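Residue numbers (my numbering): -13 to 160.
Where is the CB? At the ideal position from N, CA and C, for every residue including glycine.
Only a predicted model underlies this, so the values are computations on that prediction, with no experimental measurement involved.
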């Protein structure tokens, strides 16, 4: 029988280069799951179906409304705090929608002069809301990704999980 002895280190006991290696190893583990699920679930609660996203130089989000732009805006107002960018976006949309409807030209009989023009303007406003909300979610996803990769988060993950390493900074099995 052979016995093999290895030295196990806590993160703060590693050399600077081994610490960088360890951080990279934990960073890779952090991306081994669907970290964006909570953001997708949040979008669902406001009637937005996210269908994809990109990060960094290709930062974007794609998706569509489950019901209508107006319904989504009201759900945002009901479910997102006033300090959220989505809240400000929804508030501006609803105000713009009200203004369009209230200022639509009326003929002598009290009917809309051009229902087509109003519908077209409302469609444009709906499309702008979708574009803006997708941009808001794109920024949310980018910030979440950056936090997951941050040294602050990685050190917290190491500490919370009690990770140990070999002298080179490779994760050691518990």
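Contact between residue 152 and residue -8 holds: their C-beta atoms lie close to 6 Å from each other, under 8 Å. As a beta-bridge residue in DSSP terms, residue 36 pairs with 49.
The Cβ atoms of residue 41 and residue 131 lie closer than 8 Å to each other. Secondary structure within the region 94 to 144: the alpha helix (DSSP H) runs of 4 or more consecutive residues, fully enclosed, are 101 to 135 (chain order). Pairing residue 13 with residue 20, the inter-Cα distance amounts to about 14 Å.
Leaving aside the five residues that flank residue 25 on each side, the residues in its chain whose CB is nearer than 7 Å to its CB run, in chain order, 123, 126, 127 and 130. The secondary-structure analysis by DSSP pairs residue 92 across a beta bridge with 98. If the five residues before and after residue 79 are omitted, its C-beta is found closer than 6 Å to the C-beta atoms of 59 and 115, all from its own chain and listed in chain order.
According to the DSSP assignment, residue 8 belongs to the alpha helix (DSSP H) that extends over 2 to 16.
One Cα belongs to residue 0, the other to residue 155, and the distance between them is close to 7 Å.
Secondary-structure assignment with DSSP links residue 151 through a beta bridge to -5 and 157.
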